[in-house]
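What follows is one structure encoded as structure tokens, with my remarks underneath.
Number of protein chains: 2
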Amino acid sequence: MTTSTDNKMEKIVALCKRRGFVFQGTDIYGGLRGAWDLGPLGVALNNRIKSEWWKMFVEGREDMYGLDAAILMNAKVWEASGHVAGFVDPLVEDTETSERFRADHLLKDNGIDAEGMSLEMIDATILERGIKSPKGNPLSKARTFNMMFETRIGATAGPEGQVYLRPETAQGIFVNFKNVVDSMSPKLPFGIGQIGKAFRNEIAPREFLFRVREFEQMEIEYFVRESEWQEQFEAWRLAIWQWFDHLGLSRENIQEFEVPENDLAHYSKRTIDFEYNYPGKGFDELAGFAYRTDFDLQAHAKASGQSMEYVEGDGTKLVPHVLEPSFGVGRALTAVLCESYREDEVNGEVRTYLALPTHLAPYRACVSPLLKNKPELVEKARGVFMLLKKEFGNIAWDDNGNVGKRYRRQDEIGTPYCIVIDFDTLGENPDLLDTVTIRHRDTGEQERVAISELVSRLK
Amino acid sequence: MTTSTDNKMEKIVALCKRRGFVFQGTDIYGGLRGAWDLGPLGVALNNRIKSEWWKMFVEGREDMYGLDAAILMNAKVWEASGHVAGFVDPLVEDTETSERFRADHLLKDNGIDAEGMSLEMIDATILERGIKSPKGNPLSKARTFNMMFETRIGATAGPEGQVYLRPETAQGIFVNFKNVVDSMSPKLPFGIGQIGKAFRNEIAPREFLFRVREFEQMEIEYFVRESEWQEQFEAWRLAIWQWFDHLGLSRENIQEFEVPENDLAHYSKRTIDFEYNYPGKGFDELAGFAYRTDFDLQAHAKASGQSMEYVEGDGTKLVPHVLEPSFGVGRALTAVLCESYREDEVNGEVRTYLALPTHLAPYRACVSPLLKNKPELVEKARGVFMLLKKEFGNIAWDDNGNVGKRYRRQDEIGTPYCIVIDFDTLGENPDLLDTVTIRHRDTGEQERVAISELVSRLK
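Protein sequence lines correspond, in order, to chains A and B.
Note that the working numbering gives residue 515 to position 303 of the first sequence, counting from 1, and the numbers run on in steps of one.
Note that the working numbering gives residue 630 to position 418 of the second sequence, counting from 1, and the numbers run on in steps of one.
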């Protein structure tokens with residue numbers, strides 16, 4: 213049975229709340245727009261995505277170094293990077309209600325692409341087309357709105373107390389470039405990887421984990437000689453595809469969008485957006501990959517007065533160029549959920565399951581006794597449970613209701629294997645002594661396996 | 213050779229910077245007080261502390277559920293929790309220079325304990341004792357200063373845009389209590405564990421990872437029936453000691469400080485601070501453990517209008533009471549570094565090493581060829597390296613300088629085992645074919661082990 217894509221996203225969001233993956237942030241107080249909390253299963257899935265990424269791109273490679281820079285940085289970072297001046301959206305106000313809107317969104321609703329327009333051009337377009345606020349009132353002139361959250365550090369009132377919540381983790385890497393070079397003596401080309409929270413004060417946060425105000429990034433800044441950027445760009449492009457494979461995303465649901473030259477950020481000579489085909493939404497950003505030249509290191513060298521030069525083995529000095537593969541954790545989580553959400557029909561009833569890869573599933577297996585009121589079954593099942601929990605950690609125990617209901621519950625949260633201990637396990641059929649039933653999530657098929665072989669079968 | 217405790221902390225801080233554990237935040241721009249960045253080895257050690265904690269207290273237990281709530285929450289959370297009104301420090305200003313100081317710190321410098329003093333009492337004491345600012349100038353009257361960082365969400369100017377950076381992760385758990393109960397159907401007693409960043413606008417951030425403005429917490433809220441709190445308190449107290457054992461901290465370096473009844477927070481009926489004996493500093497906080505009664509759930513029930521009742525199997529309804537074991541990741545990291553920092557004498561030279569437990573060390577082992585200019589040695593060593601890297605992940609490769617220097621480098625970053633491939637490995641001595649030298653960090657002892665046994669020996 214195919215799943216209608218019309219409401220697939222709504223079904224996923226509902227499943228996420230019902231089964232403890234994702235909750236609206238602070239929902240008991242009416243929520244906070246653009247913030248989401250991960251429940252017990254969401255944090256398990258999220259942690260696995262992050263640790264698999266770290267294994268693939270940091271720990272698993274000899275040319276990569278990890279970093280965890282602070283969210284609060286000296287404000288000079290954001291002046292040098294251009295964010296104070298340039299990380300802005302155009303904003304207009306409803307002159308009656310004082311509600312504020314993204315001017316480019318209002319223009320887009322009227323069929324106009326505001327990309328690259330100055331404030332004056334936006335004002336002129338609004339006037340010319342007679343564009344009103346969604347409530348039908350006149351609009352104010354457009355002004356810029358910086359998307360960085362501001363806060364103050366210390367108790368003084370002066371400008372020295374002004375800081376920002378980082379809008380990207382990347383700059384934390386650039387300002388630590390010399391620290392990593394000095395402490396680790398890496399050889400070019402090499403990269404620095406980081407996972408961490410970033411914040412953007414979106415005027416119009418969108419549904420679920422798209423365009424949120426607080427999000428987690430997995431970012432790499434890969435430092436290369438200018439002459440080798442194209443070769444390394446191609447190698448990383450392929451590595452990014454391998455990551456999507458590892459997440460279990462089908463290649464037909466992903467496309468590369470080559471950002472046209474005239475739309476490139478001023479520091480970039482080439483940028484690819486990797487887009488996923490989210491149900492009911494279409495292709496939208498999953499990850500980005502930019503060649504940032506030496507823009508950032510040069511900008512920080514100039515602003516800080518510190519050298520950002522790398523010294524080659526032969527004494528040549530250079531400021532490396534940078535490739536930036538950048539991944540949103542929430543986007544990856546959403547794509548994995550969308551990709552794995554399935555419905556089929558079992559005994560005339562709709563069965564919902566998440567076909568998650570085993571290395572991502574919150575629980576690798578669920579163990580249960582056939583009946584919970586038979587102490588000998590429970591005791592045997594507990595032994596199997598402890599054996600597997602010691603080996604894998606993420607093993608569930610479920611003795612509620614009948615076996616069929618347990619299967620449905622585990623299907624819905626993507627547990628690949630359900631293991632049931634029955635009277636044959638205890639030797640009622642002597643041929644089956646110390647064997648258990650393994651039931652497979654995606655096919656519903658069952659097989660009989662010896663307890664002694666369970667660990668290797670589940671690997 | 214014993215290490216002088218006078219400058220041990222300075223040595224550790226210097227090692228942390230030199231070898232890529234911890235850097236001052238944004239140091240190329242003169243730093244940001246109270247913020248620190250973790251370098252490649254610091255993030256490795258930190259990640260291990262966090263994942264071991266998660267395994268011990270969340271994944272490893274059947275009564276625990278994980279959570280990852282957002283840093284930005286609806287401001288009503290902090291009104292209900294009492295932080296908006298009560299999370300304050302008393303502040304005085306130098307009337308000449310406008311510099312601001314913690315009034316309680318100035319009083320402490322003059323031998324006066326300001327604990328529990330009202331602002332009026334502080335003013336009276338300053339007047340009476342003639343206390344001046346550190347520059348000798350008169351002080352302003354004391355006022356309260358809220359330690360929560362404030363920011364604004366959205367583009368509107370009204371009070372609805374006011375939010376705070378969370379000063380603790382705990383409230384993210386309380387506001388998700390019902391979500392976890394509804395989605396996971398846990399049985400009392402049960403707990404929710406969370407690891408995440410929190411922020412406090414300390415007026416006087418102190419050296420290194422003590423009293424920082426941005427820090428990471430590992431917190432548990434454990435929900436119990438009121439009648440069982442003492443029994444569960446004792447069980448958790450022992451579990452906390454086991455955690456310190458697992459970090460490799462000696463019990464003689466840790467003490468429990470039972471907070472006296474008249475110093476308890478208004479919501480707590482019992483609180484223990486676990487203190488570590490930091491070198492050159494003495495006993496200071498490492499972790500906290502509080503019985504918070506039902507204060508938080510009741511406060512949120514009242515403020516949100518949502519029920520925080522738990523329904524027992526027999527239909528009994530109750531608002532659970534809460535035990536809170538709370539750990540600072542930075543404090544744990546610091547204690548582990550202090551505990552493991554050692555100096556001894558080898559061939560008349562001081563040798564510095566970190567006696568880190570194997571399960572925490574950034575690298576489990578380092579592999580190197582005896583000589584880097586012998587391709588047959590390098591090739592063989594690469595094979596051993598790849599074998600171990602596939603099994604463990606965190607394996608270092610080092611072919612720089614002579615073997616003695618490599619040992620010193622690995623000692624300093626706490627690598628438990630150095631593995632050297634030499635000509636005997638290749639069969640120069642046929643009896644030693646396919647064996648390698650394992651050199652042990654703490655003792656400097658060396659032994660010969662077959663490559664086929666390496667994986668099991670390193671486990």
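Every residue, glycine too, gets a C-beta built ideally from N, C-alpha and C.
Looking only at its own chain, which residues have a Cβ that is under 8 Å from the Cβ of residue i, when we skip the five neighbours before and after it?
{"i": "L279(B)", "result": "G384, I385, N388, V392, I404, G405, Q406"}
{"i": "Q510(B)", "result": "M520, V531"}
{"i": "T436(A)", "result": "The identity of residue 436(A) in the sequence shown is Val, whereas the question assumes Thr. L400, P401, Q444, P532, H533, V534, L535."}
{"i": "R423(B)", "result": "G246, E414, A416, P417"}
DSSP on residue i, reduced to helix/strand/coil?
{"i": "G595(B)", "result": "helix"}
{"i": "I625(B)", "result": "coil"}
{"i": "P302(B)", "result": "strand"}
{"i": "P642(A)", "result": "helix"}
{"i": "D485(A)", "result": "strand"}
{"i": "H478(A)", "result": "coil"}
{"i": "N349(B)", "result": "coil"}
{"i": "K529(B)", "result": "strand"}
{"i": "L535(A)", "result": "strand"}
{"i": "T546(A)", "result": "helix"}
{"i": "P569(B)", "result": "coil"}
{"i": "M213(B)", "result": "Residue placement at M213(B) cannot be trusted, given a pLDDT of 44 that sits under 50; what the coordinates show is reported in the next sentence. The answer is coil: DSSP assigns M213(B) none of H, G, I, E or B."}
{"i": "T637(A)", "result": "coil"}
{"i": "V375(A)", "result": "strand"}
{"i": "F422(B)", "result": "coil"}
{"i": "G254(A)", "result": "helix"}
Consider the Cβ of residue i: report whether some Cβ of chain B lies at a distance smaller than 7 Å.
{"i": "G294(A)", "result": "no"}
{"i": "N286(A)", "result": "yes"}
{"i": "V203(A)", "result": "As displayed, chain A neither begins before 213 nor continues past 671, which places residue 203(A) out of reach and without an answer."}
{"i": "G237(A)", "result": "yes"}
{"i": "Y277(A)", "result": "yes"}
{"i": "A247(A)", "result": "yes"}
Would residue i and residue j be called neighbours here (beta carbons separated by less than 7 Å)?
{"i": "I261(A)", "j": "A515(A)", "result": "no"}
{"i": "L535(B)", "j": "Q467(B)", "result": "no"}
{"i": "P252(B)", "j": "G237(B)", "result": "no"}
{"i": "L351(B)", "j": "V304(B)", "result": "yes"}
{"i": "G626(A)", "j": "L566(A)", "result": "yes"}
{"i": "D321(A)", "j": "S345(A)", "result": "no"}
{"i": "V596(A)", "j": "V579(A)", "result": "yes"}
Please report how far the alpha carbon of residue i lies from the alpha carbon of residue j, in whole angstroms.
{"i": "F313(B)", "j": "L331(B)", "result": "14 Å"}
{"i": "E222(B)", "j": "D239(B)", "result": "18 Å"}
{"i": "M213(A)", "j": "L645(A)", "result": "Any reading at M213(A) is ruled out, since the residue's pLDDT is 44, under 50, leaving its predicted position unreliable."}
{"i": "V523(B)", "j": "A281(B)", "result": "24 Å"}
{"i": "T381(A)", "j": "S462(A)", "result": "28 Å"}
{"i": "V667(B)", "j": "D610(B)", "result": "19 Å"}
{"i": "R660(B)", "j": "R482(B)", "result": "54 Å"}
{"i": "E732(B)", "j": "E551(B)", "result": "The structure shown does not extend to residue 732(B), since chain B spans only 213 to 671, so no value can be given for it."}
{"i": "L319(B)", "j": "E264(B)", "result": "41 Å"}
{"i": "E557(A)", "j": "A547(B)", "result": "56 Å"}
{"i": "Y619(A)", "j": "L459(B)", "result": "39 Å"}
{"i": "N349(A)", "j": "D335(A)", "result": "15 Å"}
{"i": "V439(B)", "j": "T505(B)", "result": "Looking at the sequence itself, residue 439(B) is Ser, so the reference to Val does not match. If I take the Cα positions, the gap works out to 11 Å."}
Note down, in chain order, each residue of its chain lying with its Cβ closer than 6 Å to the Cβ of residue i, except the 5 sequence neighbours on either side.
{"i": "W290(B)", "result": "V296, Y376"}
{"i": "S664(A)", "result": "none"}
{"i": "F361(A)", "result": "L377, F411, N413"}
Contact criterion: CB-CB distance below 7 Å. Does residue i meet it with respect to chain A?
{"i": "N349(B)", "result": "no"}
{"i": "A367(B)", "result": "yes"}
{"i": "A382(B)", "result": "no"}
{"i": "I283(B)", "result": "yes"}
{"i": "T214(B)", "result": "Only weak support exists for where T214(B) lies, its pLDDT of 47 falling under 50; the coordinates are left without a value."}
{"i": "I607(B)", "result": "no"}
{"i": "S580(B)", "result": "no"}
{"i": "I432(B)", "result": "no"}
{"i": "N391(B)", "result": "yes"}
Short of 7 Å in beta carbon distance, which residues of its chain neighbour residue i, apart from the five on each side in sequence? Order them along the chain.
{"i": "V225(A)", "result": "F420"}
Is any non-hydrogen atom of the ligand ZN found closer than 6 Å to the C-beta of residue i, if you look at the structure I gave you?
{"i": "V393(A)", "result": "This structure does not include the ligand ZN; it has no bound ligands of any sort."}
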